[in-house]
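Here is the structure we will look at.
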Ligand code: ASP
């Protein structure tokens with residue numbers, strides 16, 4: 017290692033110790049021939065003191081340059097202790113300074129108040145991410161995902177990855193398509209969710225599955241939605257009833273808040289459960305904000321919305337669109353309405369998890385009877401070609417399928433709401449811009465004629 021200590025972890029315990037530190041120059045001050053540098057690494061900041069031996073070298077230094085410093089830890093005299101700094105009661109008396117890389121003047125300000133334009137922040141995201149607030153959010157994201165993994169592992173879940181190059185799984189958005197080189201004229205679709213795979217994993221007998229799953233949806237940006245891609249905690253279980261999914265999810269969130277966000281307060285445990293119809297009547301929305309004090313940043317009001325209709329309003333062409341998705345099971349007592357005339361009376365086993373007025377996850381108990389699934393396809397208005405597109409599901413269900421169901425809380429949105437961030441981009445390392453661009457990499461971008469030819473695509477002149 018090029019360092020033997022982390023800047024932010026130094027304390028009075030290390031006084032008189034020789035340390036080697038590496039990091040970025042957060043700030044630099046010279047007074048005549050002597051100088052001070054606040055050195056920053058991931059763990060925090062520590063002050064370095066340079067005597068007059070270094071006066072020439074200091075002149076060449078710029079902010080955000082990367083240096084290695086060898087020195088001795090010293091206690092600061094009482095009158096020089098800086099209580100605003102975690103390491104404010106010590107400083108490092110430097111003996112050796114090595115400039116590892118020099119930094120040009122930065123194109124954006126790294127201060128606490130974000131003055132830079134969103135576009136600049138995203139173009140130079142690797143610099144924007146140096147800000148302590150972003151470092152903290154990314155650390156919390158890591159801890160949250162780790163918590164989810166550990167929690168579910170403990171409960172006997174397997175984490176199983178599913179393909180990214182696959183076939184369309186409709187979740188109500190447009191697909192991203194990837195042309196195939198080997199099968200010219202054919203396309204993979206990036207998954208809008210691993211919905212079909214996780215159901216097939218239940219047919220395969222894994223019983224409890226989860227995945228920190230990337231989902232790709234070509235839809236417009238909103239404050240709580242990045243265009244392009246987002247991450248879900250996708251999970252599915254066999255031999256369960258809706259109650260089991262609600263209980264598991266609720267336990268996971270309660271424990272997660274306790275462990276990772278101890279300063280936050282849950283307004284109500286167990287989470288209140290509202291029927292869709294009542295909720296719409298009372299709050300005029302299916303994502304009500306049940307906080308007592310909506311200005312309180314530390315208040316978290318979860319609730320469940322249940323008893324959704326299976327279908328949205330009947331479409332003009334006489335067909336129905338699924339409210340959740342077409343694999344959602346109708347309540348047993350409503351199966352008798354599974355016909356063209358009565359289908360809008362059917363309630364389903366859909367469940368939405370809502371937090372402070374945001375839908376942070378949805379799921380359902382699934383259909384596991386191929387005949388019911390086939391009838392749903394009819395009601396949705398699938399023609400034979402569309403039915404064939406999903407025939408693998410019906411085929412799989414002919415070989416012994418366990419009753420199953422699941423849920424998929426969105427990771428980015430959940431973190432945005434818990435952290436009280438105004439936009440989901442604040443919790444994503446490299447988010448797409450409002451108009452679906454990766455400004456850091458400058459994507460999407462043109463590709464060469466050869467690449468297009470290989471996949472059998474000719475661009476129309478516009
Ligand atoms: N696939 C669903 C979604 O992305 C979640 C689920 O039904 O488990 O909303």
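Residue numbers (the numbering used here): 17 to 478. Every residue, glycine too, gets a C-beta built ideally from N, C-alpha and C. Note that the structure is a prediction, hence the values are computed from the model and not measured.
Residue i, buried or exposed, once every other Cβ within 10 Å from all chains shown has been counted against 16
| i | result |
| --- | --- |
| residue 428 | buried |
| residue 193 | exposed |
| residue 225 | buried |
| residue 158 | exposed |
| residue 351 | exposed |
| residue 367 | buried |
| residue 27 | exposed |
| residue 404 | exposed |
| residue 123 | exposed |
| residue 258 | buried |
| residue 457 | exposed |
| residue 96 | exposed |
| residue 85 | buried |
| residue 417 | buried |
| residue 473 | exposed |
| residue 372 | buried |
| residue 342 | buried |
| residue 174 | exposed |
| residue 180 | exposed |
| residue 132 | buried |
| residue 415 | exposed |
| residue 56 | buried |
| residue 443 | buried |
For residue j and residue i, the rounded distance between their alpha carbons
| i | j | result |
| --- | --- | --- |
| residue 422 | residue 251 | 5 angstroms |
| residue 386 | residue 264 | 27 angstroms |
| residue 94 | residue 301 | 58 angstroms |
| residue 335 | residue 281 | 45 angstroms |
| residue 459 | residue 453 | 6 angstroms |
| residue 311 | residue 328 | 34 angstroms |
| residue 79 | residue 34 | 25 angstroms |
| residue 365 | residue 266 | 17 angstroms |
| residue 197 | residue 153 | 40 angstroms |
| residue 63 | residue 108 | 6 angstroms |
| residue 356 | residue 290 | 28 angstroms |
| residue 116 | residue 82 | 5 angstroms |
| residue 433 | residue 331 | 34 angstroms |
| residue 136 | residue 177 | 34 angstroms |
| residue 271 | residue 303 | 23 angstroms |
| residue 242 | residue 134 | 14 angstroms |
| residue 406 | residue 399 | 11 angstroms |
| residue 140 | residue 292 | 44 angstroms |
| residue 148 | residue 161 | 20 angstroms |
| residue 219 | residue 22 | 49 angstroms |
| residue 104 | residue 92 | 8 angstroms |
| residue 164 | residue 52 | 43 angstroms |
| residue 189 | residue 478 | 26 angstroms |
| residue 392 | residue 215 | 17 angstroms |
| residue 201 | residue 471 | 8 angstroms |
| residue 449 | residue 381 | 35 angstroms |
| residue 113 | residue 144 | 26 angstroms |
| residue 59 | residue 110 | 20 angstroms |
| residue 479 | residue 463 | Summary: the structure shown does not reach residue 479, with the chain confined to residues 17 through 478, and so no result is reported for it. |
| residue 359 | residue 295 | 21 angstroms |
| residue 431 | residue 321 | 20 angstroms |
Nearest-angstrom Cβ-Cβ length linking residue i and residue j, presumed shorter than 8 angstroms
| i | j | result |
| --- | --- | --- |
| residue 125 | residue 31 | Going by Cβ atoms, the distance from residue 125 to residue 31 rounds to 35 angstroms, so no, they are not a contact pair. |
| residue 314 | residue 279 | 6 angstroms |
| residue 185 | residue 209 | 6 angstroms |
| residue 370 | residue 240 | The Cβ separation is near 12 angstroms, so there is no contact. |
| residue 287 | residue 318 | 4 angstroms |
| residue 61 | residue 24 | 6 angstroms |
| residue 54 | residue 67 | Contact flag wrong, Cβ pair sits at about 17 angstroms. |
| residue 340 | residue 378 | 6 angstroms |
Residue range of the alpha helix (DSSP H) that includes residue i
| i | result |
| --- | --- |
| residue 245 | No alpha helix (DSSP H) holds residue 245; the beta strand (DSSP E) holding it covers 244-254. |
| residue 258 | 258-276 |
| residue 137 | 134-139 |
| residue 427 | 427-435 |
| residue 402 | 400-405 |
| residue 145 | Where residue 145 is concerned, there is no enclosing alpha helix (DSSP H), given that its DSSP letter is neither H nor E. |
| residue 294 | 292-299 |
| residue 74 | 71-75 |
Beta strand (DSSP E) segment containing residue i, residue limits
| i | result |
| --- | --- |
| residue 390 | Run containing residue 390: none in the beta strand (DSSP E); it sits in the alpha helix (DSSP H), 386-396. |
| residue 375 | 374-381 |
| residue 465 | Not the beta strand (DSSP E): residue 465 falls in the alpha helix (DSSP H), residues 465-470. |
| residue 368 | 366-371 |
Taking only runs that begin and end inside the segment 18-59, name each unbroken beta strand (DSSP E) of 3 or more residues, in chain order.
-> Restricting attention to beta strand (DSSP E) runs no shorter than 3 residues, the segment 18-59 encloses them at 34-47, 50-57, ordered along the chain.
List in chain order: all unbroken alpha helix (DSSP H) runs of 4+ residues lying wholly within the segment 320-359.
-> Fully enclosed alpha helix (DSSP H) runs of 4 or longer: not present.
In the segment 152-225, which residue ranges form an unbroken beta strand (DSSP E) of at least 3 residues, counting only runs that do not cross its ends?
-> Counting only runs of 3 or more, we get 193-195, 203-205.
Going along the chain, which unbroken runs of the beta strand (DSSP E) with 3 or more residues stay wholly within the segment 84-127?
-> Within the segment 84-127, the complete beta strand (DSSP E) runs of at least 3 residues are 106-117.
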